[in-house]
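Have a look at the structure below before the remarks.
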Amino acid sequence: MVDILPHPSFLGDMGDHSKKKSGIAMCVGCGSQIHDQYILRVSPDLEWHAACLKCAECSQYLDETCTCFVRDGKTYCKRDYVRLFGIKCAKCNVGFCSSDLVMRARDNVYHMECFRCSVCSRHLLPGDEFSLREEELLCRADHGLLLERAAAGSPISPGNIHSSRPLHIPGKPVPVRQPPHRNHVHKQSEKTTRVRTVLNEKQLHTLRTCYNANPRPDALMKEQLVEMTGLSPRVIRVWFQNKRCKDKKRSILMKQLQQQQHSDKTAILQIKFLQWFSAAHYQPKCRLILIIVLPLWIKKNNNNN
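In this text, residue positions in the sequence shown follow full-length UniProt numbering: the first is 1, and each later residue adds one.
What follows is the structure, given as structure tokens:
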């Protein structure tokens, strides 16, 4: 995320002497001192001339309206960063969307539709046995057939099979952002360790400010929060889910308390009525008055409360 900040030397002209900095702003791009009125800052503390901050691939100028990525000292726009460094399918070499489900085999990642046998094009599903030979997926039947041809000395493809390694079973589809597994054999008995992330005051303030404006931020806003806070997309997503859940529980509790208070007021009215009726029971002239006036009296007390 790119922020536009006024240059420290111009703060005095705006009457804000308390914010004036003693340090000298140096441009990361050209290494020269920044004398411009405004400084472009890339989180956390990289400062640039407006003319120096641009994509290293397409030379597009980057400002506060777009997402800026920094890698190996170079800046990239989002499109080029995803194209160059994003995770790509091992079959079609096309990148993934954040909502895509993927299949993994060792260090390779595949689209669901691309996870097929390279010989018969059979779609491999969770639970199907397969083998991975020189980056080629093979179903159980073609794996066995190629092994038989290798034993008979016949030419085989794809690749050459040198040993009868065991087949593997693919796990369930996983989100594309999930880190790759070291072992591609799915084991139900393995337990995952949950890592608890502790947020600092600045991160909490940023998340709460965004939540107050929009409790359900879209994908673009979440990407901006990732850049602003330095947190992972999963941590931000879970924080918003927990916050909405807590607010919902608080709202339900407040509603229950209000209903309880209303019930208590109704009980008090019933006690008052019984006391009044007991006092008027022995006065025949008051019975007719009670029948006529009582509904109006109860309605009036409810409105007052």
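Idealized CB from N, CA, C, for every residue including glycine. Being a predicted model, the structure only gives us computed values, none of them experimental.
Contacts around residue i, its chain only, beta-carbon distance under 6 Å, and the 5 residues preceding and following it disregarded
i: Cys114; result: Cys89, Lys91 and Cys92
i: Lys78; result: Thr67
i: His35; result: none
Check whether residue i and residue j have beta carbons under 8 Å apart
i: Glu47; j: Cys27; result: yes
i: Tyr211; j: Lys243; result: yes
i: Leu132; j: Arg106; result: yes
i: Ala50; j: Tyr38; result: yes
i: Gly95; j: Val82; result: yes
i: Asp80; j: Cys58; result: yes
i: Thr229; j: Gln203; result: yes
Close Cβ partners of residue i (< 8 Å) along its chain, the five nearest in sequence each way excluded
i: Lys54; result: Gln60, Tyr61, Leu62 and Thr75
i: Arg237; result: Lys222
i: Leu225; result: Thr206, Leu207, Cys210, Pro217, Leu231 and Ile236
i: Pro215; result: Phe240, Lys243, Arg244 and Asp247
Rounded Cβ spacing between residue i and residue j (contact assumed at less than 8 Å)
i: Leu124; j: Arg116; result: 6 Å
i: Arg140; j: Glu129; result: 4 Å
Cutoff 7 Å; reference residue i; Cβ partners in own chain excluding five residues on either side
i: Ala213; result: none
i: Glu223; result: Thr67
i: Val119; result: Leu138 and Asp142
i: Ser164; result: Caution is warranted here: a pLDDT of 36 is assigned to Ser164, below 50, making its placement in the model unreliable, and no coordinate value can be reported.
i: Trp239; result: Leu207
i: His184; result: Note that His184 has pLDDT 37, beneath the 50 cutoff, so the model's placement of it is unreliable and the number below is only indicative. Same-chain partners within the cutoff: Arg104, Ala105, Arg106 and His168.
i: Phe85; result: Arg71
i: Ile24; result: Gln33
i: Lys272; result: none
i: Gln256; result: none
DSSP bridge partner residues for residue i (one or two, in chain order)
i: Asn108; result: Ala105
i: Ile24; result: DSSP, once it has assigned bridges, lists no residue as partnering Ile24.
i: Phe69; result: Tyr76
i: Ser131; result: Leu138
i: Gly95; result: Lys88
i: Arg116; result: His123
i: Lys54; result: Tyr61
i: Gln256; result: According to DSSP, Gln256 bridges with nothing at all.
i: Gln33; result: Met26
Which residue spans inside the stretch 189-247 form an unbroken alpha helix (DSSP H) run of at least 4? 201-213 and 219-229
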